[in-house]
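Participant: One structure, as C-alpha cells, below. Some questions next.
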Amino acid sequence: MTFFGNDAWWWPYLFILVAGWLATDVWRFLGVFIGGRVSEDSDAMVLVRTIATALVAAVIANLIVFPGGVLADTPMALRVGAAVAGFAAYLALRHSMLAGIIAAEAVLIAGMLIGQT
Amino acid sequence: MSGNPSSPITDFSTATWFRRGVRAAFSLPLLMLVAAHVGFAGLAREAGLTLTQIVFATGIVWALPANVVLVGAIIGGAGLPAAAFAVALSSIRLTPMVVALVPEMRGSRTRTWVLYLLSHFVAVTSWVIAMQAIRGVPREMRTAWYAGLGGTLVLVNMIAVAVAFALAGDLPPLASAALLLLTPIYFLTSLWSSARERAGYVAMVLGLAFGPLFHLWTPGFDLLAAGLVGGFGAFGYHLASRRWGAT
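Keeping their order, the protein sequence lines are chains A and B.
Take the first sequence: its letter number 58 is residue 263 in the numbering used here, and every next letter is one higher.
Take the second sequence: its letter number 71 is residue 84 in the numbering used here, and every next letter is one higher.
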C-alpha cells in the first residue's frame, strides 16, 4: 500500500487522488456545506476565522522551527532571527510584504555566509 | 434569465470580472507561491515522483502544506491510509477558510455546485488575496472573479512545477535555503495582512507560539491542537474585549 509498492502505472495517481485530493477537498466541501448556513459577521464566523488563522500560523512557526532540507542545517536562532527581522521590516515599512522578505532573506544569507567562514 | 434584456451586458461584465480575477492573480504573493512550488518540485523529485505525478498532485491537491505532507509520507514509506490521515490532518484548516469565504462569494443567483467547484481553489494564497480584495468586487461578479483568480494561480503553479522539475539543476545550499525560507515569511506577512479583526492578530501570535510547542507535545496533532487552542484563546479575547468596550 506504499507509493512505490505497486508497479501499475495508475497506482501512484490513485495514491495521490485518495491521500492527496480526497483528504484535502473533503474539508473544502465541508466548508461550503457549513458556509451556506452562517452569516459572515456572526460570532461563530469570528471563531472560525481565529481557528483558521491560528492553524496557518502554527504551520508557519513549524516551517521555521522544524524545517526540512538544507534549512535544517542552519542554527535555529538564525532562522528565528531572520523571521523576526522580516516581520519587523514588514511592520515598519507600511505592511510591505516585499520588504519583509528581503529583510528575512538578507539576515539568513548573511548568517549562513558568516557561519561558513 | 429568459427575456431579460440586460443579460448580454451581464454576460459581458462576467467575462470582464473573470479577467480582473486573472489579473489579480499576477501579484507578489503569486511570485512567492511559485518560488515555494519550485522548492516543492525539488523535494518531490528527490522523493522519486515523476514529472506528471508532481504536476498532477500540484493541481489536484492544491494546498502546498498538504502536498509537502503527502510527499513527506511517500518519502517515509507510509501506506495509503496513513498518508491520507496525515494529509487530512494538515488540511482541516481549509474548512474554516472556506466557511469564511463562502458567505462573501455567494450572490443571490449563485448555484451551490459552483461554490463546491470553486472551493477547490481555496488555499492560503487565493484565500488571502480574496479576503483582501473580494469586497471590492460586485457581489454577483464574485464567483467569476474568484474563478479567474483561482484558476490562474493553479495553472501558473502547475507550469512552474513542471519547469522546475525539468531544469532541476541542483541549487547551491545558500540558494536552496533562501528558497525554503520564502514560504514561511510569505505566509507570515500575508496572514497578518488578511486579519479581519483584532482577534485575528491574537490568533496568529498564539498559533505561532503553540505550533512548535504542540509539535513537541503531540506530534501528528500539532496543527490541529494549536489551531483549536489558539483559535479559542483569540475568540475569548474577542468576547472579553467587546464586553469591556461595551460597558
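Even glycine gets a Cβ: it sits at the ideal position worked out from N, Cα and C.
With a cut-off of 8 Å, does the C-beta of glycine 274 (chain A) fall near any C-beta of chain B?
Facilitator: For glycine 274 (chain A), the answer is yes, since a Cβ of chain B falls inside 8 Å of its Cβ.
Participant: Going straight from the alpha carbon of phenylalanine 169 (chain B) to that of glutamine 66 (chain B), what length do you get?
Facilitator: Note that residue 169 (chain B) is valine in the sequence shown, not phenylalanine. Using only the alpha carbons, I get a separation of about 17 Å.
Participant: Which term fits tryptophan 126 (chain B), buried or exposed, when burial requires 16 or more other beta carbons within 10 angstroms of its beta carbon?
Facilitator: Burial call: exposed.
Participant: For threonine 260 (chain B) and methionine 154 (chain B), what's the separation of their Cα atoms in angstroms?
Facilitator: Bear in mind that a pLDDT of 49 at threonine 260 (chain B), under 50, signals an unreliable position, so the number given afterwards is only what the model happens to contain. Looking at the two C-alpha atoms, the distance is approximately 41 Å.
Participant: Would a C-beta distance cut-off of 8 Å place arginine 233 (chain A) and serine 132 (chain B) closer than the cut-off?
Facilitator: Yes, these two residues count as a Cβ contact at 8 Å.
Participant: Give me whichever residues DSSP pairs with glycine 92 (chain B) in a beta bridge.
Facilitator: Glycine 92 (chain B) is bridged to A:Thr207.
Participant: According to the neighbour-count rule (16 or more other Cβ atoms, all chains shown, within 10 Å of its Cβ), is isoleucine 105 (chain B) buried or exposed?
Facilitator: That one is buried.
Participant: Compare the C-beta of phenylalanine 220 (chain A) with all C-beta atoms of chain B and state if any pair is closer than 8 Å.
Facilitator: For phenylalanine 220 (chain A), the answer is yes, since a Cβ of chain B falls inside 8 Å of its Cβ.
Participant: If you measure from the CB of proline 280 (chain A), is any heavy atom of the ligand ADP nearer than 7 Å?
Facilitator: The ligand ADP is not part of this structure, which contains no ligands at all.
Participant: Here's a check: name, in chain order, each residue in its chain whose Cβ is nearer than 6 Å to the Cβ of glycine 163 (chain B), leaving out the five neighbours to either side.
Facilitator: Around glycine 163 (chain B): Phe134 and Ser139.
Participant: Counting only beta-carbon atoms, is glutamine 145 (chain B) nearer than 8 Å to chain A?
Facilitator: It does not; no Cβ of chain A falls within 8 Å.
Participant: Could you give the distance in angstroms between the alpha-carbon of alanine 266 (chain A) and the alpha-carbon of alanine 97 (chain B)?
Facilitator: Between alanine 266 (chain A) and alanine 97 (chain B), the C-alpha separation is close to 23 Å.
Participant: Which residues of the region 101-115 of chain B have a Cβ closer than 9 Å to any Cβ of chain A? Give them in chain order.
Facilitator: Cβ contacts with chain A: Ala101, Leu102, Ser103, Ser104, Ile105, Arg106, Leu107, Thr108, Pro109, Met110, Val111, Val112, Ala113, Leu114 and Val115.
Participant: If you compare alpha carbons, which of A:Gly316, A:Ala309 and A:Ala315 is closest to leucine 194 (chain B)?
Facilitator: Among A:Gly316, A:Ala309 and A:Ala315, the Cα nearest to that of leucine 194 (chain B) is on A:Ala309.
Participant: Using the beta-carbon of each residue, which ones in chain A are nearer than 8 Å to glutamate 153 (chain B)?
Facilitator: Correct list: empty, because the minimum Cβ distance to chain A is about 17 Å.
Participant: Are the C-beta of leucine 236 (chain B) and some C-beta of chain A separated by less than 8 Å?
Facilitator: Closer than 8 Å to some Cβ of chain A, the Cβ of leucine 236 (chain B) qualifies, so yes.
Participant: Would you mind telling me which residues of chain B sit closer than 8 Å to aspartate 230 (chain A), beta carbon to beta carbon, in chain order?
Facilitator: Those within 8 Å of aspartate 230 (chain A) in chain B are Ser132 and His133.
Participant: Is leucine 252 (chain A) close to chain B? Criterion is C-beta to C-beta, closer than 8 Å.
Facilitator: By this cut-off, leucine 252 (chain A) is an interface position.
Participant: Start and end of the alpha helix (DSSP H) containing valine 228 (chain B)?
Facilitator: Correcting the residue identity first, residue 228 (chain B) is histidine in this sequence and not valine. Element bounds for histidine 228 (chain B): 211-230.
Participant: When you check each C-beta in the region 187-205 of chain B against every C-beta of chain A, which residues fall closer than 8 Å?
Facilitator: Here the close residues are Leu187, Ser189, Ala190, Ala191, Leu193, Leu194, Leu195, Thr196, Pro197, Ile198, Tyr199, Phe200, Leu201, Thr202, Ser203, Leu204 and Trp205.
Participant: Please name the residue in B:Pro225, B:Leu229, B:Phe227 and B:Leu221 whose C-alpha comes closest to that of threonine 255 (chain A).
Facilitator: Out of B:Pro225, B:Leu229, B:Phe227 and B:Leu221, B:Leu221 has the C-alpha closest to the C-alpha of threonine 255 (chain A).
Participant: Got a sec? Which residues, its chain only, sit under 7 Å from serine 301 (chain A) by beta carbon, not counting five neighbours each side?
Facilitator: So the list reads Tyr295, once near-sequence residues are dropped.
Participant: So, under 8 Å CB-CB, methionine 144 (chain B) and serine 207 (chain B) are touching, yes? Tell me the CB distance rounded to an integer number of Å.
Facilitator: Confirmed, about 5 Å.
Participant: Any C-beta of chain B within less than 9 Å: which residues of the region 256-274 of chain A qualify?
Facilitator: Residues Ile256, Ala257, Thr258, Ala259, Leu260, Val261, Ala262, Ala263, Val264, Ile265, Ala266, Asn267, Leu268, Ile269, Val270, Phe271, Pro272, Gly273 and Gly274.
Participant: When you compare the CB positions of glycine 240 (chain A) and valine 35 (chain B), do they come within less than 8 Å of one another, or not?
Facilitator: Contact: no.
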